[in-house]
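Residue numbering for the sequence shown follows the UniProt record's numbering, starting at 1 and increasing by one per position. A virtual CB, placed ideally from N, CA and C, is assigned to each residue, including glycine. Below you'll find the structure, written out as structure tokens, and then a few comments.
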Amino acid sequence: MSLICSRAADLWLGQFKIPADRALATKLLQNFVFISADDFQRDLKALIASKLPAPSTAAFYIERELKQVKPKWPYKQPDNRKIVTRLSPRKIAEKMYLEVGRPRGRGLPKKWTAHGSALPAVKSPKNRQQDIGSEGVVAMAISKFCKLRKNRFALQPHTNDLTPGKATYLVVVTDFIGSGKRSRDMLDALWRLASVRSWHSSGYRKLMVFAYSGTDAGIAHVKRHPSRPNVHVVRTCPTIKSAFRSKTAQEIISLCRRLPQNAREPLGFRDTGALMAFQHSCPNNVPAMFIESAQKGQHRWQPLFPSRTTEGINHVISADPAQQSSEAFDALRLGNIVRNKSFLRSTEEQQDVVRLLAAVFRGKRQTEDLVAASLLPYVRVIAAFDRAIQQKLLTTNGRITSEGHAFINHLNQKASTSTLAPASPSPYYYPLSLRAPP
């Protein structure tokens, strides 16, 4: 969805009085991604379903801010066994479950196991002032997802439901991985349990993290957690450094440091510079000019997402499919395809295959990169991927075939008269041959 055409964006851009600053801010806003509530829930559920197909079982834990507790130094179990030899942080996240010690005989240390109910999925970190973040929206979506698959999935279950054969995966779910700190805290809350470490070392259970999006640095930080979780996202998140070339990126960073004045973190938490917001909330990793207000004399800076809320974004314009397709091909430097008459006359499914092939043609391999490059929803990328394999334009490991390579080159020719594969009543089309014309 596009923010650039909204009334709120016009008011926000009006605060840039210098033409050069306004031009940079417009570029920044054009590369800013706004995710609608429907897209968020649909694609996040589709990601989970594709990575955990039947008969996989899993227990889901919603990422939220956890209470920080001061560990003993050196950190020990109640029977004085050390489980951390390196320096421990000043405070660590509380455990997801209580631990109960059971005697194993005279002279033997107790056996510590997780017991009871998990921490609640949604809880305000401040009791005096209740404040629920994006975990509320994520918890609602995952709760509905689990109810339809009660025999396979559970939301933060009691330890009685973690018996052998149940919950093969322990999964942390969130909307966005910015710096990765909060996701690691959630993993710590599970990993510090002796039972979880035992299950993991025995191969009974694995840890995973699902998110709609995340920065490359944040995802890498989460992957380095001692539990070595598998991390899956719907799409990658653009940042100032990844969306712009070096010179333009430095100019935009300089603008972010000037406006608003005296911002504590001009580029967002840990200088992430993320360019993504959701209809339910805006991450704290975006530049301060989007989320912080400031006052200097009679001049007041009004952010686009005050207090990280999106309440003022009432008239966000859904991207025109044709325009979105044109932007995707132009970004991939294959702009002639979108002007090809046979491409324009083809069905939506056929166009999806071409957009996917174009992304692979330019070196995109991971699903999250394909979603970001093709500007297609996750579910349509998966469907297009299957069709491309059946049409022998892609291999099963996602590499473009010689036929697919020639196909994209031919479609990208100026004034090309090539034709796409004809529509078929079957969901898959099996061409006899695909080759470039002589």
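Mapping DSSP to helix, strand and coil, what is Leu275?
The residue given as residue 275 occupies position 275 in the sequence shown. It is coil, neither helix nor strand.
Is Ile18 helix, strand or coil when you go by DSSP?
The count along the sequence shown starts at 1 and reaches residue 18 at position 18. DSSP places Ile18 in coil when its eight states are reduced to three.
Would you call the CB atoms of Ile219 and Val234 closer than 8 Å?
As a first step, residue 219 must be located in the sequence shown, where it is residue number 219. As a first step, residue 234 must be located in the sequence shown, where it is residue number 234. No. Outside cutoff.
Taking the alpha helix (DSSP H) that Arg42 falls in, what are its first and last residues?
Taking the sequence shown and counting its residues from 1, one reaches residue 42 at position 42. Note, Arg42: alpha helix (DSSP H), 37-51.
My understanding is that residue 441 touches Ile408, with C-beta atoms under 8 Å, so please give their C-beta distance in whole angstroms.
Lying outside 1 to 438, the shown extent of the chain, residue 441 is not represented and no answer is given.
Measure from the alpha carbon of Phe210 to the alpha carbon of each residue in Lys45, Ala93, Gly268, Leu3, then state which is nearest.
As a first step, residue 210 must be located in the sequence shown, where it is residue number 210. Scanning Lys45, Ala93, Gly268, Leu3 for the CA closest to the CA of Phe210 turns up Lys45.
From what residue to what residue does the beta strand (DSSP E) around Ser213 run?
Indexing the sequence shown from 1 puts residue 213 at position 213. Note, Ser213: beta strand (DSSP E), 206-214.
Where does Asn285 land, buried or exposed, given buried means 16+ other C-beta within 10 angstroms?
Numbered from its first residue, the sequence shown carries residue 285 at position 285. So Asn285 ends up on the buried side.
Within 10 angstroms of the Cβ of Gln366, are there 16 or more other Cβ atoms? Answer buried if so, exposed if not.
Within the sequence shown, numbered from 1, the residue matching residue 366 stands at position 366. Around the beta-carbon of Gln366, fewer than 16 other beta-carbon atoms lie within 10 Å, marking it exposed.
Excluding the 5 residues preceding and the 5 following Arg270 in the sequence, name in chain order all residues of the same chain whose CB lies nearer than 6 Å to its CB.
What you label residue 270 is simply residue 270 of the sequence shown in a count that begins at 1. Within the same chain, Cβ atoms closer than 6 Å to the Cβ of Arg270 are found at Ser179, the five residues on either side in sequence being excluded.
What are the residues that DSSP puts in a beta bridge with Ala114?
What you label residue 114 is simply residue 114 of the sequence shown in a count that begins at 1. Looking at the DSSP assignment, Ala114 forms a beta bridge with Glu99.
Comparing C-alpha positions only, which one of Glu292, Lys392, Ala383 sits nearest to Arg264?
On the sequence shown, residue 264 is found 264 positions in, with the first residue counted as 1. Nearest C-alpha to Arg264: Glu292.
Would you mind giving the Cβ-Cβ distance between Gly268 and Ala288, rounded to the nearest angstrom? I have them listed as a contact below 8 Å.
For this step, residue 268 is matched to residue 268 along the sequence shown. For this step, residue 288 is matched to residue 288 along the sequence shown. Correct: roughly 7 Å between the Cβ atoms.
Tell me Thr396's beta-bridge partners as DSSP assigns them.
The residue labelled residue 396 in the question sits at position 396 within the sequence shown. Thr396 pairs with nothing; no bridge assigned.
Identify, in the order they occur along the chain, each residue of the same chain with its Cβ nearer than 6 Å to the Cβ of Leu259, setting aside the five sequence neighbours on each side.
Position 259 of the sequence shown, counted from the first residue, corresponds to residue 259. Met289.
Going by alpha carbons, who is nearest to Pro101 out of Leu170, Val69, Leu193?
Walking along the sequence shown from the start, residue 101 turns up at place 101. Note that residue 101 is Gly in the sequence shown here, rather than Pro. Selected option, being the one with the closest Cα: Leu193.
Any chance you could list the beta strand (DSSP E) runs of at least 3 consecutive residues sitting entirely within the UniProt domain "PRTase-CE" (164-306), in chain order?
169-177, 206-214, 230-236, 276-278, 294-296, 299-301
Return the chain-ordered list of same chain residues with a C-beta closer than 6 Å to the C-beta of Leu334, the five sequence neighbours on each side being excluded.
As a first step, residue 334 is located in the sequence shown; it is residue number 334 there, counting from the start. These residues qualify, in order along the chain: Ala358, Asn412.
For Phe361 and His405, I'd like the C-alpha separation in whole angstroms.
If you number the sequence shown from 1, residue 361 lands on position 361. If you number the sequence shown from 1, residue 405 lands on position 405. Using only the alpha carbons, I get a separation of about 7 Å.
On the DSSP bridge assignment, give the partners of Val69 in chain order.
The residue labelled residue 69 in the question sits at position 69 within the sequence shown. For Val69, DSSP records a beta bridge to Ile92.
Is DSSP giving Leu375 helix, strand or coil here?
To locate residue 375, count along the sequence shown from 1; it is residue 375. Reduced to three states, the DSSP call for Leu375 is coil.
Taking the DSSP output, what are the residues bridged to Ile62?
Locating residue 62 in the sequence shown gives position 62, counting from the first residue. According to DSSP, Ile62 bridges with Val173.
For Arg205, tell me which candidate among Ile35, Val222, Ala372, Leu162 has the shortest Cα-Cα distance.
Sequence index remark: in the sequence shown, residue 205 carries index 205 (1-based). Comparing Cα positions, the closest option is Leu162.
How close, in whole Å, do the beta carbons of residue 441 and Arg197 come, if the pair is a contact with beta carbons under 8 Å?
The requested residue 441 does not occur in the structure, where the chain is confined to residues 1 to 438.
Note down, in chain order, each residue of its chain lying with its Cβ closer than 6 Å to the Cβ of Trp12, except the 5 sequence neighbours on either side.
Taking the first residue of the sequence shown as position 1, residue 12 is located at position 12. Closer than 6 Å at Cβ, skipping near neighbours: Leu304.
Give me, in chain order, the residues of the same chain whose beta-carbon lies closer than 6 Å to that of Ser426; leave out the 5 immediate sequence neighbours on both sides.
Start at 1 with the first residue of the sequence shown, and residue 426 comes out as number 426. Residue placement at Ser426 cannot be trusted, given a pLDDT of 48 that sits under 50; what the coordinates show is reported in the next sentence. Excluding the 5 residues flanking it on each side, Ser426 has no same chain C-beta neighbour closer than 6 Å.
Buried or exposed for Leu255, going by 16 or more other Cβ atoms inside 10 Å?
Mapped onto the sequence shown, residue 255 falls at position 255. It is buried - the Cβ of Leu255 has at least 16 other Cβ atoms within 10 Å.
What is the DSSP secondary structure of Ala154, reduced to helix, strand or coil?
For the purposes of this step, residue 154 is taken as the residue at position 154 of the sequence shown. It is a strand residue.
Cβ of Gln279 within 7 Å of any heavy atom in the ligand GTP?
For the structure depicted, the ligand GTP is absent and the ligand set is empty, with no information on it obtainable.
From the DSSP output, in three-state form, read off Val122 for me.
Within the sequence shown, numbered from 1, the residue matching residue 122 stands at position 122. In this structure, Val122 counts as coil in the three-state DSSP scheme.
By how many angstroms is the C-alpha of Ile382 removed from the C-alpha of Val354?
Position 354 of the sequence shown, counting from 1, holds the residue named residue 354. Position 382 of the sequence shown, counting from 1, holds the residue named residue 382. Roughly 13 Å separates the two Cα atoms.
For Ala93, which residues from the same chain have a beta carbon less than 6 Å from its beta carbon, with the 5 sequence-adjacent residues on both sides left out?
Counted from its first residue, the sequence shown places residue 93 at position 93. Closer than 6 Å at the Cβ level, and outside the excluded window around Ala93, lie Leu66, Asp185, Asp188, Ala189.
Check each candidate in Asn336, Lys241, Met208, Lys91 and name the one with the smallest Cα separation from Asp216.
In the sequence shown, residue 216 corresponds to position 216, counting from 1. Measuring from the Cα of Asp216, the nearest candidate turns out to be Lys241.
Grab the span of the alpha helix (DSSP H) containing Gln324 for me, first residue to last.
Counting from 1 along the sequence shown, the entry for residue 324 is found at position 324. Unbroken alpha helix (DSSP H) run through Gln324: 321-331.
Have a look at Lys17, Glu135, Lys126 and flag the residue whose alpha-carbon is nearest the alpha-carbon of Pro283.
By 1-based counting over the sequence shown, the position of residue 283 is 283. It is Glu135 whose Cα lies nearest to the Cα of Pro283.
How big is the Cα-Cα spacing for Pro103 and Pro120?
To locate residue 103, count along the sequence shown from 1; it is residue 103. To locate residue 120, count along the sequence shown from 1; it is residue 120. Whole-angstrom Cα-Cα distance: 29 Å.
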